[in-house]
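Participant: Numbered according to this note's numbering, the sequence shown spans residues 15 to 940.
Every residue, glycine too, gets a C-beta built ideally from N, C-alpha and C.
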Amino acid sequence: MKVFSLFKAEMAGLAAKKGLLISVIITLLVPVVYGGILLSPRWGPYDNLSNLPVAVVNNDQGADTDGEAINAGKDLVADLEKGKDLGWKFVDSDEAKSGLKSLKYYMVIEIPKDFSKKVTTVLSTDPQKPELKYVQNEGLNFMAAQVTKSATAQIREKLADRITEKYVNNMFVSLKDVSDGFQTAADGSSKLNGGTSDLQKGTGTLLESLTNKSGDISRLAAGAKELEKGTGQMFQSLSGKQNDITKLANGSAQVNNGLGQMLQSLTGKQGDIKKLADGTSDLEKGTRQMLQSLTAKQGDIKRLASGSKDLKNGTNTLLASLKEGSGDIAKLAAGSEAANEGTGLLLDTLKQKQQGVAELAAGAKVLSEKMPALKDGTAGVLGGLKNMQNKVNTELQPGTQQVAGGVVKVAENAQALGAGLQGLSSALNSYLEAHPDLKNDPNFMKIVGTGQVLSQKANDPENAKLLGALKDGSANIASAFGKDGAVTAGLDKLVAGQTLIDNGVGELNQKAPQLKDGTEQVATGWNTMVTKVGDLHAGTAQIAAGNQTVNKGWSSMTDGVMKLDSGAGLLSAGNASVNNGWQVLKGATTQIHDGQVQVRDGNADVNKGWHKLTDGTTKLYAGSGQVSDGNADVDKGWKDLTSGANKIHSGTMQVSDGNATVEKGWGDLTSGVTRLNDGAQKLNDGSAELASGLKDGAAKTSSLKTPDQKNFNMFASPVKLKSDKVFKYPHYRDSTAPYVLTLALFAGILIMSMFMNFKRPEDVSAAAWFGAKFMNLSVLAIAQALLLSIVVLVLAVNVENPAGFVLFAIFVSIVFSAIVSFFAALGVIGRFLGLAFVVLQLSITGANLPIDMLPANMRTLSEFLPFRYSIAGFKSVLSLDAPGTALFNASVLFIYLAVFALLAFAVMLISSGSYKSQDDTAGLRA
Numbered sequence: 015m016k017v018f019s020l021f022k023a024e025m026a027g028l029a030a031k032k033g034l035l036i037s038v039i040i041t042l043l044v045p046v047v048y049g050g051i052l053l054s055p056r057w058g059p060y061d062n063l064s065n066l067p068v069a070v071v072n073n074d075q076g077a078d079t080d081g082e083a084i085n086a087g088k089d090l091v092a093d094l095e096k097g098k099d100l101g102w103k104f105v106d107s108d109e110a111k112s113g114l115k116s117l118k119y120y121m122v123i124e125i126p127k128d129f130s131k132k133v134t135t136v137l138s139t140d141p142q143k144p145e146l147k148y149v150q151n152e153g154l155n156f157m158a159a160q161v162t163k164s165a166t167a168q169i170r171e172k173l174a175d176r177i178t179e180k181y182v183n184n185m186f187v188s189l190k191d192v193s194d195g196f197q198t199a200a201d202g203s204s205k206l207n208g209g210t211s212d213l214q215k216g217t218g219t220l221l222e223s224l225t226n227k228s229g230d231i232s233r234l235a236a237g238a239k240e241l242e243k244g245t246g247q248m249f250q251s252l253s254g255k256q257n258d259i260t261k262l263a264n265g266s267a268q269v270n271n272g273l274g275q276m277l278q279s280l281t282g283k284q285g286d287i288k289k290l291a292d293g294t295s296d297l298e299k300g301t302r303q304m305l306q307s308l309t310a311k312q313g314d315i316k317r318l319a320s321g322s323k324d325l326k327n328g329t330n331t332l333l334a335s336l337k338e339g340s341g342d343i344a345k346l347a348a349g350s351e352a353a354n355e356g357t358g359l360l361l362d363t364l365k366q367k368q369q370g371v372a373e374l375a376a377g378a379k380v381l382s383e384k385m386p387a388l389k390d391g392t393a394g395v396l397g398g399l400k401n402m403q404n405k406v407n408t409e410l411q412p413g414t415q416q417v418a419g420g421v422v423k424v425a426e427n428a429q430a431l432g433a434g435l436q437g438l439s440s441a442l443n444s445y446l447e448a449h450p451d452l453k454n455d456p457n458f459m460k461i462v463g464t465g466q467v468l469s470q471k472a473n474d475p476e477n478a479k480l481l482g483a484l485k486d487g488s489a490n491i492a493s494a495f496g497k498d499g500a501v502t503a504g505l506d507k508l509v510a511g512q513t514l515i516d517n518g519v520g521e522l523n524q525k526a527p528q529l530k531d532g533t534e535q536v537a538t539g540w541n542t543m544v545t546k547v548g549d550l551h552a553g554t555a556q557i558a559a560g561n562q563t564v565n566k567g568w569s570s571m572t573d574g575v576m577k578l579d580s581g582a583g584l585l586s587a588g589n590a591s592v593n594n595g596w597q598v599l600k601g602a603t604t605q606i607h608d609g610q611v612q613v614r615d616g617n618a619d620v621n622k623g624w625h626k627l628t629d630g631t632t633k634l635y636a637g638s639g640q641v642s643d644g645n646a647d648v649d650k651g652w653k654d655l656t657s658g659a660n661k662i663h664s665g666t667m668q669v670s671d672g673n674a675t676v677e678k679g680w681g682d683l684t685s686g687v688t689r690l691n692d693g694a695q696k697l698n699d700g701s702a703e704l705a706s707g708l709k710d711g712a713a714k715t716s717s718l719k720t721p722d723q724k725n726f727n728m729f730a731s732p733v734k735l736k737s738d739k740v741f742k743y744p745h746y747r748d749s750t751a752p753y754v755l756t757l758a759l760f761a762g763i764l765i766m767s768m769f770m771n772f773k774r775p776e777d778v779s780a781a782a783w784f785g786a787k788f789m790n791l792s793v794l795a796i797a798q799a800l801l802l803s804i805v806v807l808v809l810a811v812n813v814e815n816p817a818g819f820v821l822f823a824i825f826v827s828i829v830f831s832a833i834v835s836f837f838a839a840l841g842v843i844g845r846f847l848g849l850a851f852v853v854l855q856l857s858i859t860g861a862n863l864p865i866d867m868l869p870a871n872m873r874t875l876s877e878f879l880p881f882r883y884s885i886a887g888f889k890s891v892l893s894l895d896a897p898g899t900a901l902f903n904a905s906v907l908f909i910y911l912a913v914f915a916l917l918a919f920a921v922m923l924i925s926s927g928s929y930k931s932q933d934d935t936a937g938l939r940a
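(1) Rounded to whole angstroms, what is the Cα-Cα separation between K650 and D342?
(2) Run through the DSSP bridge pairs and tell me what A69 is partnered with.
(3) Can you tell me whether DSSP reads E145 as helix, strand or coil?
(4) Can you name the start and end residues of the beta strand (DSSP E) that I84 belongs to?
(5) Alpha carbon to alpha carbon, what distance is there between S439 and I39?
(6) Using C-beta distances below 6 Å, list every residue in its chain close to T563, excluding the 5 sequence neighbours before and after it, in chain order.
(7) Identify, in the order they occur along the chain, each residue of the same chain with its Cβ nearer than 7 Å to the Cβ of V598, setting aside the five sequence neighbours on each side.
(8) Just the C-alpha distance for L114 and S792, rounded to the nearest angstrom, thanks.
(9) Closest to N330 by C-alpha separation, out of G583, Q75, N72 and G860, would be which residue?
(10) Can you tell me which of the three DSSP states A375 falls into?
(11) So, is A781 buried or exposed, given that buried needs 16 or more other C-beta atoms within 10 angstroms?
(12) Report the residue ranges of all alpha helix (DSSP H) runs contained in full by the stretch 766 to 817; include only those spanning at least 4 residues, in chain order.
(13) Check for me: the beta strand (DSSP E) holding T79 runs from which residue to which?
(14) Look at D619 and G560 and say whether their C-beta atoms are less than 8 Å apart.
(15) What do you reckon, are the CB atoms on N517 and M385 nearer than 8 Å?
(16) Three or more C-beta pairs closer than 8 Å, one from the stretch 651 to 664 and one from the stretch 268 to 283: is that the case here?
(17) Closer than 8 Å is the cut-off here; do at least three beta carbon pairs connect the stretch 790 to 804 with the stretch 873 to 889?
(18) Report yes or no: do three or more beta-carbon pairs, one from the stretch 446 to 454 and one from the stretch 464 to 473, lie closer than 8 Å?
(19) Decide if L911 is buried, meaning its Cβ has at least 16 other Cβ atoms within 10 Å, or exposed.
(20) Count Cβ pairs between the stretch 69 to 78 and the stretch 121 to 130 that sit closer than 8 Å; are there 3 or more?
(21) Do you know offhand how far F914's Cα is from E814's?
(22) Ignore the nearest five residues each way along the sequence and tell me which others in Q932's own chain have a CB closer than 6 Å to its CB.
(23) Can you list, in chain order, the residues of its chain whose CB lies under 6 Å from that of D895, leaving out five sequence neighbours each side?
(24) Thinking C-alpha only, which one of L146, E145, T632 and G595 is nearest R614?
(25) Tell me the start and end of each unbroken alpha helix (DSSP H) in the stretch 662 to 699 that is at least 4 residues and wholly inside, in chain order.
(26) What is the C-beta distance between I259 and W680, in whole angstroms, given that I count them as a contact (C-beta under 8 Å)?
(27) Cα-Cα, which of L916, D629 and P67 is closest to L117?
(28) Please say whether M867 and I858 have beta carbons closer to each other than 8 Å?
(29) Count the other C-beta atoms from every protein chain shown that fall within 10 angstroms of the C-beta of K365, then say buried if there are 16 or more, exposed otherwise.
(30) Distance check for S893 and S469, CA to CA, integer angstroms please.
(31) Does any CB atom of chain C fall closer than 8 Å to the CB of A781?
(32) How would you write the range of the alpha helix (DSSP H) that P897 sits in, first residue to last?
(33) With a Cβ-Cβ cutoff of 8 Å, do T408 and T139 count as a contact?
(34) Expressed to the nearest angstrom, what Euclidean distance is found between the alpha-carbon atoms of Q284 and A291?
(35) Hey, could you find the ends of the alpha helix (DSSP H) P869 is sitting in?
(36) Closer than 7 Å by C-beta to G520: which residues in its own chain qualify, once you throw out the five before and the five after it? Chain order, please.
In structure tokens:
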């Protein structure tokens, strides 16, 4: 009862003191005015962003890509001019810097001069991200800094979407060109395949021909070697017989000289023989004259007998020598005839092969002349293939992989979005089942229906199939152009095959000059050999003819010498008889007349035989002259034959060496053509695979649908954010209302406590005093809460649960009364601590930042502060319409109420004043 008496006394004293009453009333209006001022505006901090000055500096110089001029900076400025997101000021660099220093601009955005140039590097080997520079002046206002930073993020996102849209557009245009290029390359590779097939066939035919002729070349080389040996032997044989031929020529000349002397002697004695015959005719006229004559001719008769004897011996020797050499002369004639036939056969054979050797030399020359062009062609093809391989690996392959990756991300995001929408729809249905009364809420049912439709559309199997097909298509393209893809593998094989061909052609190009020189040497040597063998054949023909003449003349000479030998025998015998008769005649001149007839007849025979001897000797001399001349010709011809054989031997040595070079070059040529044939086969296989891969790539790329603007937008921004709000704030003031109400109620009660004296009188118990003071402060707090609630409702602040709001405001005021009672009971220091308690809670109880964003230690501390629960409770009844949450926070605040009430009671129990309760000013401050 004491409590109520004290309470009534306090209220009566308040009403009695007008000044104090006015002060209390004004204090009651402090939270009303504070709350009314802060909660009356209907504008928000983002409603006037266009007044926030932000400088934009465009230094972009633009760029060209594939002949198309782009200027991303100019496009960005045009977009910013259209919008009113911020107060854009388009200035130069100097103005922006000076404005930032003079606090004119909150932020400066600079578009660098190479912005567009970096945009074009997306598909280069060294892509560079374009930079959008901005400088903020956070010192002017932190909130403005956050707003401008958020604006730059939105600008960056818009730029990224636009650049991505442009990239995708160019990429699909390039894919069309790639498709055409693939088709063209496929056609070209098909022709290349046909050409390489013909090349492979040609190299196969060339290899087969080289292989078939390899044996002939080997036999030609072996035959040339044997010919060299044979000509060497022939030259040695001719050189060995040269002395014998020379001796034969010299002997023939000596025989001819002797016969000349003998003929001269016989001719000189022709008159003597005639005189002998005439003398014997006149022998009968005078024996005296005959004796004188015989005596005078005795010496001549002796010399005649001696000469006849010598002549007989000489003719015997000559005849024996001629008979002995007759076989050699016959063999010489037969051998020269056989040699002539052999050289003729050799000449015919060489002439038959001369055209083939010339063609071989011409072919080697053409091959040598064409090899550099072939080498340049294969090197050019190899360079082109490597360039194509590099372009595919460095440009097309990363682009297709990026497209495939983007498509996969789109599919994954679409799938995740479908799952999220499905989960949202399920959650809404579950929530609807848990709250059946919401079925009458058309807005909520509209949300549920929209969620179901979105879930069905997002999880539509047809859309999933289309996304799957798009993902498979992009994956196939990326795979085809990947490291182990068909196109890449075909290019690798084609490059490998072309490399082998290029190497083979290079080796063949190196060997071609040797082959050309060798075949030219063979052709030159062959022509020389044909000429020399022709000369040899002509010489052997002359030798054969001369030897035939020699053989015939030798036979005639032998016959003549045989006749000469017979005549010489007769002459020797006759001269012997003459000598004997001459002796008999000289010894018995008387018997001369008797032998006159015999002498006359003998001399007649001698005269006749002498004429025959002279004629035979004349013929013998003529024959020996022919033999001498023939042997001289034989000697000269033999020397020419030896010289020709030497030249033939030298030529055959060159031919043999040339043929050996040809045989080696032929082997190298065969080996090179073998490698060329293998390379042509690989080139043929690689070009076939390339043609197939290019055709597949052309078919796949050409089958891609040309996207429209919607597709480009989808690639640039594949996910569209569709937001919705529950318990949204109509105005910015609604978001700050819980914090404003909490602070207004606590500050009002704290101020009102200053007009009350919490020092307990000596004659009043602590319980009664606490009860009276608490009731007094609570009544004023309730009045304050009611007034503030009326202001909130009048200002049309968003209140989801008005009754709950009023009750919660009253309850919070009572809790704050208990807290303030504790601090007020401590006196001035307590009120200061109470003010510090308020400041402590301003930033860590959910006023400016969500509690979940606070550091861990601050979150822990906020759990023990009452503002956290009062703000959360006001949110529950103002915007969230969560009665359960409001009751939870009220229960926690009730704990604060009990704790601080006990603390205030304890303080009042300990402390007491020096005045009596009957004093007029016992409970109130004047």
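Facilitator: Taking the coordinates as given:
(1) Residue 650 sits at position 636 when you count from the first residue of the sequence shown. Residue 342 sits at position 328 when you count from the first residue of the sequence shown. Between K650 and D342, the C-alpha separation is close to 18 Å.
(2) The residue labelled residue 69 in the question sits at position 55 within the sequence shown. Bridge partners of A69: K103 and V122.
(3) Within the sequence shown, numbered from 1, the residue matching residue 145 stands at position 131. Here E145 sits in coil by DSSP.
(4) The residue labelled residue 84 in the question sits at position 70 within the sequence shown. E82 to I84 is the span of the beta strand (DSSP E), which, as asked, contains I84.
(5) Within the sequence shown, numbered from 1, the residue matching residue 39 stands at position 25. Within the sequence shown, numbered from 1, the residue matching residue 439 stands at position 425. Here the alpha carbons of S439 and I39 stand approximately 54 Å from one another.
(6) Residue 563 sits at position 549 when you count from the first residue of the sequence shown. Counting only Cβ-Cβ distances below 6 Å, and skipping sequence neighbours, we find G644.
(7) Counted from its first residue, the sequence shown places residue 598 at position 584. Same-chain partners within the cutoff: Q605.
(8) If you number the sequence shown from 1, residue 114 lands on position 100. If you number the sequence shown from 1, residue 792 lands on position 778. About 53 Å.
(9) Against the sequence shown, residue 330 aligns to sequence position 316. Sorting G583, Q75, N72 and G860 by C-alpha distance to the C-alpha of N330 places G583 at the top.
(10) Here residue 375 corresponds to residue number 361 of the sequence shown, with the count starting at 1. Reduced to three states, the DSSP call for A375 is helix.
(11) Locating residue 781 in the sequence shown gives position 767, where the first residue counts as 1. Exposed is the call here.
(12) 780 to 808
(13) The count along the sequence shown starts at 1 and reaches residue 79 at position 65. A77 to T79 is the span of the beta strand (DSSP E), which, as asked, contains T79.
(14) Working through the sequence shown from its first residue, we reach residue 619 at position 605. Working through the sequence shown from its first residue, we reach residue 560 at position 546. No, Cβ-Cβ distance for D619 and G560 is not below 8 Å.
(15) Here the question's residue 517 lines up with position 503 in the sequence shown. Here the question's residue 385 lines up with position 371 in the sequence shown. No, they are not a contact pair.
(16) no
(17) no
(18) no
(19) Position 897 of the sequence shown holds residue 911. Classification of L911: buried, given that the 10 Å Cβ count is 16 or more.
(20) Touching, per the Cβ criterion.
(21) Residue mapping note: residue 914 aligns to position 900 of the sequence shown, counting from 1. Residue mapping note: residue 814 aligns to position 800 of the sequence shown, counting from 1. Rounded to the nearest angstrom, the two C-alpha atoms are 31 Å apart.
(22) Start at 1 with the first residue of the sequence shown, and residue 932 comes out as number 918. Low confidence applies here, because Q932 scores a pLDDT of 44, under 50, leaving its location unreliable; read the following figure in that light. Taken in chain order, the list of residues that qualify is empty.
(23) Counting from one through the sequence shown, the residue named residue 895 turns up at place 881. For D895, where only same-chain residues beyond five positions count, the Cβ hits under 6 Å are E814 and N815.
(24) Taking the first residue of the sequence shown as position 1, residue 614 is located at position 600. Out of L146, E145, T632 and G595, G595 has the C-alpha closest to the C-alpha of R614.
(25) DSSP runs (the alpha helix (DSSP H)) wholly in the stretch 662 to 699: none.
(26) One-based indexing of the sequence shown puts residue 259 at position 245. One-based indexing of the sequence shown puts residue 680 at position 666. Wrong, their Cβ atoms sit about 43 Å apart, outside the cutoff.
(27) Here residue 117 is taken as the residue at index 103 of the sequence shown, counted from 1. Per the Cα distances, P67.
(28) Here residue 858 refers to the residue found at position 844 when the sequence shown is read from its first residue. Here residue 867 refers to the residue found at position 853 when the sequence shown is read from its first residue. Cβ atoms of I858 and M867: not closer than 8 Å.
(29) Position 351 of the sequence shown holds residue 365. By the 10 Å Cβ count, K365 comes out exposed.
(30) Counted from its first residue, the sequence shown places residue 469 at position 455. Counted from its first residue, the sequence shown places residue 893 at position 879. Taking the straight line joining both Cα atoms gives about 28 Å.
(31) The structure shown has no chain C; it contains just one protein chain.
(32) Translated into the one-based positions of the sequence shown, residue 897 becomes position 883. Its alpha helix (DSSP H) spans residues P897 to I924.
(33) Position 394 of the sequence shown, counting from 1, holds the residue named residue 408. Position 125 of the sequence shown, counting from 1, holds the residue named residue 139. Yes, the Cβ-Cβ distance between T408 and T139 is below 8 Å.
(34) One-based indexing of the sequence shown puts residue 284 at position 270. One-based indexing of the sequence shown puts residue 291 at position 277. Cα to Cα, Q284 sits roughly 11 Å from A291.
(35) The residue given as residue 869 occupies position 855 in the sequence shown. Per DSSP, P869 belongs to no alpha helix (DSSP H) and is neither H nor E.
(36) Within the sequence shown, the letter at position 506 stands for residue 520. Cβ neighbours of G520 beyond the five flanking positions: K389.
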